[in-house]
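Visitor: Following this message is one structure expressed as C-alpha coordinates.
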Amino acid sequence: MTLGVIHGYQSQGFGSQMLSFVENMARSERIEWIYLHVQLRNVVASRFYLKWNYRVVKIEKDYYKKLDGQSAIVLCKYL
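What follows is the structure, given as C-alpha coordinates:
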(Lines of atoms letter the chains of each structure in order from A and count residues from 1; the text may use other names and numbers.)
(Lines give C-alpha, C1' and ligand atoms only; values in the text may rest on other atoms or scores of the structure.)
Protein backbone atom coordinates (compact mmCIF):
# COMPACT_ATOMS: atom_id res chain seq x y z
CA MET A 1 0.00 0.00 0.00
CA THR A 2 1.20 3.52 -0.72
CA LEU A 3 0.08 6.44 1.39
CA GLY A 4 0.71 9.98 0.29
CA VAL A 5 -0.73 13.47 0.08
CA ILE A 6 -0.12 15.76 -2.91
CA HIS A 7 2.18 18.60 -1.89
CA GLY A 8 -0.45 21.33 -2.21
CA TYR A 9 -2.74 19.50 0.24
CA GLN A 10 -0.14 18.66 2.89
CA SER A 11 -0.46 20.08 6.42
CA GLN A 12 -4.25 20.09 6.21
CA GLY A 13 -4.88 16.88 8.15
CA PHE A 14 -5.49 14.55 5.21
CA GLY A 15 -2.47 12.35 5.95
CA SER A 16 -3.45 12.12 9.61
CA GLN A 17 -6.99 11.11 8.67
CA MET A 18 -5.74 8.41 6.31
CA LEU A 19 -3.19 7.05 8.78
CA SER A 20 -5.74 7.03 11.59
CA PHE A 21 -8.14 5.09 9.36
CA VAL A 22 -5.44 2.54 8.44
CA GLU A 23 -4.37 2.10 12.07
CA ASN A 24 -7.97 1.63 13.24
CA MET A 25 -8.61 -0.89 10.48
CA ALA A 26 -5.47 -2.79 11.48
CA ARG A 27 -6.55 -2.82 15.13
CA SER A 28 -9.98 -4.15 14.18
CA GLU A 29 -8.21 -7.02 12.39
CA ARG A 30 -6.06 -7.62 15.50
CA ILE A 31 -2.88 -6.59 13.71
CA GLU A 32 -0.34 -5.66 16.37
CA TRP A 33 2.49 -4.09 14.36
CA ILE A 34 2.70 -1.77 11.39
CA TYR A 35 5.95 -1.54 9.45
CA LEU A 36 6.60 0.97 6.70
CA HIS A 37 9.32 2.34 4.45
CA VAL A 38 10.08 5.99 3.73
CA GLN A 39 12.68 7.33 1.32
CA LEU A 40 15.68 8.39 3.37
CA ARG A 41 15.61 11.85 1.82
CA ASN A 42 11.87 12.34 2.53
CA VAL A 43 12.29 14.31 5.75
CA VAL A 44 8.68 15.56 5.75
CA ALA A 45 7.28 12.01 5.71
CA SER A 46 9.77 10.82 8.32
CA ARG A 47 8.76 13.62 10.69
CA PHE A 48 5.10 12.86 10.07
CA TYR A 49 5.46 9.21 11.10
CA LEU A 50 7.66 10.05 14.08
CA LYS A 51 4.92 12.44 15.23
CA TRP A 52 2.55 9.45 15.09
CA ASN A 53 4.90 7.49 17.39
CA TYR A 54 6.52 5.32 14.74
CA ARG A 55 10.09 4.34 15.61
CA VAL A 56 13.06 3.89 13.32
CA VAL A 57 14.06 0.24 13.01
CA LYS A 58 16.85 0.45 10.44
CA ILE A 59 18.06 1.95 7.18
CA GLU A 60 17.84 -0.28 4.11
CA LYS A 61 20.40 0.72 1.52
CA ASP A 62 19.40 0.54 -2.15
CA TYR A 63 15.80 -0.26 -1.22
CA TYR A 64 14.27 1.75 -4.04
CA LYS A 65 16.10 0.14 -6.95
CA LYS A 66 13.88 1.86 -9.53
CA LEU A 67 14.73 5.24 -7.99
CA ASP A 68 18.48 5.06 -8.54
CA GLY A 69 18.94 2.77 -5.55
CA GLN A 70 17.78 5.23 -2.93
CA SER A 71 17.84 4.08 0.67
CA ALA A 72 14.78 3.70 2.88
CA ILE A 73 14.07 4.22 6.54
CA VAL A 74 12.13 1.32 8.05
CA LEU A 75 9.76 2.43 10.79
CA CYS A 76 7.36 0.48 12.99
CA LYS A 77 4.62 1.04 15.52
CA TYR A 78 2.99 -1.31 18.01
CA LEU A 79 -0.75 -0.86 17.97
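All letters in the sequence shown, in the order written, are residues 1 to 79 by full-length UniProt numbering.
Glycine included, C-beta positions come from ideal geometry on N, C-alpha and C.
Can you give the Cα-Cα distance for GLN17 and MET25, rounded to whole angstroms?
Guide: Taking the first residue of the sequence shown as 1, we reach residue 17 at position 17. Taking the first residue of the sequence shown as 1, we reach residue 25 at position 25. Rounded to whole angstroms, GLN17 to MET25 spans 12 angstroms at the Cα level.
Visitor: Indicate the three-state DSSP secondary structure (helix, strand or coil) for GLU60 in the structure shown.
Guide: For the purposes of this step, residue 60 is identified with residue 60 of the sequence shown, where counting begins at 1. DSSP places GLU60 in strand when its eight states are reduced to three.
Visitor: Mind checking whether TRP52 and LEU79 have CB atoms under 8 angstroms apart?
Guide: If you number the sequence shown from 1, residue 52 lands on position 52. If you number the sequence shown from 1, residue 79 lands on position 79. Not in contact: TRP52 and LEU79 (Cβ atoms no closer than 8 angstroms).
Visitor: By DSSP's criteria, LYS77 is part of a beta bridge. Which residues make up the other side?
Guide: Position 77 of the sequence shown holds residue 77. BP columns for LYS77 point to ILE34.
Visitor: Select from GLN39, GLU23, GLN70 the residue whose C-alpha is nearest the C-alpha of GLU32.
Guide: To locate residue 32, count along the sequence shown from 1; it is residue 32. Of GLN39, GLU23, GLN70, the residue nearest in Cα terms is GLU23.
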